[in-house]
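Here this note's numbering = 1-based position in the sequence shown + 17.
Here the structure comes first, spelled out in structure tokens, and everything after it is commentary.
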Amino acid sequence: AKDVAFKEQKAAYDDLLAKLAGAEERLAALKEERKARFLTVFREIQLRLKQMYQLLAAGGDAEIELLDSSDPFEGINFVVRPPKKAWKNVSNLSGGEKTLSSLALVFALHHVKPTPVYVMDEIDAALDFRNVSIVARYVLERAVGAQFIIISLRNNMFELAHQLVGICKVSDCTRSIVLNPASVATVITDRARQRRSGGAAAQPKSAVSRELADQMTRAQGRRGRDERDEAEEDVKFHRSEAARA
């Protein structure tokens, strides 16, 4: 009886060992597959990141590197070389440079594995006028197959939107207002035409639309000044570089 019980326990034990060995083999195979898939996507993102950063920053370079090549899941290092500057870790960049680097990575991920909806909160807060326009134009023209919901206070960002949703407070009540930027742009164009001809421009029916049209009209004037200021800064930079050389 003891021999029978021992043989039964031994058979059960051997069966468990066989199942354990099979499970370990499957686990090892899954780990290898996971690693191979990760490295394949990682290389695609590396390539796209370079392209996206050079597009947004008008030059420079960006890299993501594995902290440990033998264990790719140990971590990733994100380094950037802004135009006319040395390589830096992303944590050591200025606010605007960090924004462009982060957006380049997001857009690279979008090209490799798209997400249907993106929600971005004031991504343009640290960007100058030129870079805000570049990011806005990129989202409008190239980030296809996805919907971007962007919270922004910058005219040259939200004037390119398909729809504007404004949140305001009237008589201690919060209200949301949806506007079509194209209709507001028509009012601005009409105002400019009427000013040139000396006539009276038509006014939007909605008070909110009138206010937005006023803001965008004022923004056009500021835009010209911003472009002149940036051109002067570029001239100063090139003169200083020439003096150092």
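For each residue, glycine too, the CB sits at the ideal point set by N, CA and C.
Contact between ILE81 and LEU66 holds: CB atoms are separated by about 6 Å, below the 8 Å threshold. Only buried fits LEU122, as 16 or more other CB atoms lie within 10 angstroms of its CB. Ranked by how close their Cα comes to the Cα of GLN180, the residues ASP189, ASP20, CYS190 and PHE165 have PHE165 in first place.
By alpha-carbon distance to LYS52, the top candidate from ILE168, ARG154 and SER87 is SER87.
Taking the CA atoms as reference points, GLY77 sits about 24 Å from GLY92. Contact annotation: PRO100 and ALA79 have beta-carbon atoms that are not nearer than 8 Å. C-alpha of THR57 to C-alpha of LEU33: approximately 36 Å in a straight line.
VAL96 and ARG212 have their C-alpha atoms some 50 Å from each other. Counting along the chain, the unbroken alpha helix (DSSP H) around VAL156 starts and ends at 146 to 158. Taking all protein chains shown into account, SER150 has 16 or more neighbouring C-beta atoms within 10 Å of its C-beta and is therefore buried.
As the crow flies, the alpha-carbon of ALA153 is around 38 Å from that of GLU50. Beyond the five residues adjoining it in sequence on each side, PRO198 comes within less than 7 Å, by CB distance, of GLU176, ALA178 and LEU181 in the same chain, given in chain order. Closest option to TYR135, judged by alpha-carbon separation, among ASN173, ASN148 and VAL156: VAL156. Excluding five sequence positions before and after HIS128, the CB atoms of its chain that fall closer than 6 Å to its own CB belong to ARG65, given in chain order. Residue nearest to LYS130 within the set ALA28, ASP138 and PHE55 is PHE55 (criterion: CA-CA distance). CA-to-CA, the gap between LEU110 and TYR70 works out to about 14 Å. In its chain, beyond the 5 residues on either side, ALA143, LEU144, ASP145 and ASN148 have a beta carbon closer than 7 Å to the beta carbon of GLY113.
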